[in-house]
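For the sequence shown, the numbering used here gives the first residue as 1, with consecutive numbering after it.
Note that the Cβ used here is the ideal one computed from N, Cα and C, for glycine as well.
Data block below; observations after.
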Amino acid sequence: MLRLLDETLGLQGRAAQFDAQTPLLGALAELDSMAVVSLITALEEQLGISIGDDEIDGQTFSTVGALTRFVEAKLAA
1 MLRLLDETLG
11 LQGRAAQFDA
21 QTPLLGALAE
31 LDSMAVVSLI
41 TALEEQLGIS
51 IGDDEIDGQT
61 FSTVGALTRF
71 VEAKLAA
């Protein structure tokens, strides 16, 4: 997950320092509305999951842990 965040958002290695409590949406300037779309696309392509518009909200991208739990649930479904 951290590698995907780093690559998609162009964080230049900063994501390696992130943990589950690291805030994302509203805390990272790189995670704007266009970047959210890019991140969703990257998750779908690289992990082979499908994410519907009605499945995501601001809480999904609130922290690294929230995003990880969302992705883990999608992979388990």
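Between the C-alpha atoms of residue i and residue j, what's the straight-line distance to the nearest angstrom?
i: L2; j: F18; result: 7 Å
i: T60; j: V71; result: 9 Å
i: L4; j: A29; result: 17 Å
i: K74; j: I49; result: 7 Å
i: T68; j: P23; result: 12 Å
i: A77; j: E55; result: 13 Å
Which of the three DSSP states, helix, strand or coil, is assigned to residue i?
i: T22; result: coil
Would you please state the rounded distance, in angstroms, between the beta carbons of residue i and residue j? I believe it to be under 8 Å.
i: T83; j: L39; result: An answer regarding residue 83 cannot be provided, because it is not within the stretch 1 to 77 covered by the chain.
i: A20; j: G65; result: 3 Å
- request: Pick out the complete alpha helix (DSSP H) segments inside the segment 25 to 65, 4 residues or longer, and give them in chain order.
  value: Annotation note: the segment 25 to 65 contains the following uninterrupted alpha helix (DSSP H) runs of length 4 or greater, listed N- to C-terminal: 33 to 47.
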